[in-house]
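All letters in the sequence shown, in the order written, are residues 62 to 346 by my numbering.
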Amino acid sequence: MTQELSGIGPLGKDSGAPLPEWDAPEIDRTKAHPARIYDYLLGGKDNFDVDRDAAELALAKMPELRAMARANRAFLGRAVRHLAEAGITQFLDIGTGIPGPGNTGEIARAVHPQARVVYVDYDPIVSAHSRALLSAADPALSAVVQADVREPKTILESGAVHSVLDFERPIAVLLVALLHFVSDEEDAHGLAAQFVDALAPGSALVVSHASEGHEVGKFGAAREGWNNATSRLVLRDRAEIEAFFTGTELLDPGVTIIPAWRPDRELTAEDLALDYGHAGVGIKP
Ligand SMILES: C[S@@+](CC[C@H](N)C(=O)[O-])C[C@H]1O[C@@H](n2cnc3c(N)ncnc32)[C@H](O)[C@@H]1O
Numbered sequence: 062m063t064q065e066l067s068g069i070g071p072l073g074k075d076s077g078a079p080l081p082e083w084d085a086p087e088i089d090r091t092k093a094h095p096a097r098i099y100d101y102l103l104g105g106k107d108n109f110d111v112d113r114d115a116a117e118l119a120l121a122k123m124p125e126l127r128a129m130a131r132a133n134r135a136f137l138g139r140a141v142r143h144l145a146e147a148g149i150t151q152f153l154d155i156g157t158g159i160p161g162p163g164n165t166g167e168i169a170r171a172v173h174p175q176a177r178v179v180y181v182d183y184d185p186i187v188s189a190h191s192r193a194l195l196s197a198a199d200p201a202l203s204a205v206v207q208a209d210v211r212e213p214k215t216i217l218e219s220g221a222v223h224s225v226l227d228f229e230r231p232i233a234v235l236l237v238a239l240l241h242f243v244s245d246e247e248d249a250h251g252l253a254a255q256f257v258d259a260l261a262p263g264s265a266l267v268v269s270h271a272s273e274g275h276e277v278g279k280f281g282a283a284r285e286g287w288n289n290a291t292s293r294l295v296l297r298d299r300a301e302i303e304a305f306f307t308g309t310e311l312l313d314p315g316v317t318i319i320p321a322w323r324p325d326r327e328l329t330a331e332d333l334a335l336d337y338g339h340a341g342v343g344i345k346p
């Protein structure tokens, strides 16, 4: 498939490489996109020059960004595995990102082969990927929904979501590396509460979120690259992130820097210096 590379933005030169299979007319290639920047940071191939340029701009200011992305993905894995081992078999993964190895379904089904997973993202690129990933999957066990977390009702009342998930039983809602794209004016805390309210007792809320970190101003400088992207980044401190768990009981060790949430190996000094984000898991009583 070929397509004219018109309208590429200020950062935009494009290498002219063949377009990937998932490319679609609704995908805006003139702006860097968080999902594709994150994919690039994780070493994925599903990104454009404009995304790589934005990521490299950010990495020049904040080399830890790549380790942060990996630590975040590893947290998602530990949280999903823990909840699956604790008996949760249903997952609503909002802000899925481009589902690479170690995605929610893969981890949950390693524990429960019949685990049910709904992937929600507002980005057409992510939805295209998720659909490709799921084309062979049992539709009773998974669905892909293109929707915006800022409209919780659309997600909570979606027929596709309800065709896979039973809201009478525990569900783990994942808002992982997502809420920092939602501002206070857009009521980030209020919308997290709407998801908690809709869940049955025993359900879980999983959150990770970007924070200022020990080198004050560093993330701010790095995020200028992200701010060219279609979403802005809002840094919140530990207390503000803890407030997302209102209505739940935090599992030990509470809200911590991302690598320190139930680590599966001994933490290094480098891990402990990755304080540019916090994470936690809460259970609805
Ligand atoms: C940094 S990625 C995180 C991916 C995955 N949750 C993880 O942590 O590995 C953020 C994802 O959130 C999605 N996103 C950003 N704002 C969103 C919104 N308002 N509604 C739904 N998805 C959104 C982006 O498209 C992107 O895929």
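Quick reminder that beta carbons are idealized off the backbone N, C-alpha and C, glycines included. None of the values given here were measured: they were computed from a predicted structure.
Residue-level contact to chain C via CB, residue 101, 8 Å cutoff: No chain C is part of this structure, which consists of one protein chain only.
Buried or exposed (CB count within 10 angstroms, at least 16 for buried), residue 297: Per the 10 Å Cβ criterion, buried.
Beta strand (DSSP E) segment containing residue 198, residue limits: Looking at the DSSP string, residue 198 is not in any beta strand (DSSP E), and its letter there is neither H nor E.
Proximity test, residue 162 beta-carbon vs ligand 3 heavy atom, cut-off 7 Å: This structure lacks ligand 3; the ligands present are ligand 1.
Cross-strand partners of residue 235 (DSSP beta bridge): Note: residue 235 sits in a beta bridge opposite 154, 267.
Residue 330 to residue 293 span [Cα, whole Å]: Cα to Cα, the separation comes out at about 30 Å.
Endpoints, the alpha helix (DSSP H) within which residue 143 is located: Counting along the chain, residue 143 sits inside the alpha helix (DSSP H) bounded by residues 126-146.
Distance between residue 270 and residue 132 (C-alpha atoms, nearest Å): Going by C-alpha positions, residue 132 is about 12 Å away from residue 270.
Given residue 213 as reference, the closest of 202, 243, 134 once Cα atoms are compared: Of the candidates 202, 243, 134, the one whose C-alpha sits nearest the C-alpha of residue 213 is 243.
Where the alpha helix (DSSP H) containing residue 332 begins and where it ends: That run of the alpha helix (DSSP H) goes 330-333.
Three-pair Cβ contact test at 8 Å for the stretch 108-116 versus the stretch 135-143: No, they do not touch.
Member of 305, 273, 147 whose CA lies at the smallest distance from the CA of residue 295: Nearest C-alpha to residue 295: 273.
Proximal residues to residue 320 (C-beta, below 8 Å), its chain only, five neighbours per side dropped: Spatial neighbours of residue 320 in its own chain (CB-CB distance under 8 Å, excluding positions within 5 residues in sequence) are listed in chain order as 132, 135, 136, 328, 332, 333, 335.
Other residues of its chain near residue 171: CB distance less than 7 Å, five sequence neighbours each side excluded: Nothing listed; no residue qualifies.
Burial state of residue 313, where buried means 16 or more other Cβ atoms lie within 10 Å: Classification of residue 313: exposed, given that the 10 Å Cβ count is below 16.
Any non-hydrogen atom of ligand 1 closer than 7 Å to residue 245 Cβ: Flag unset: Cβ of residue 245 not near ligand 1.
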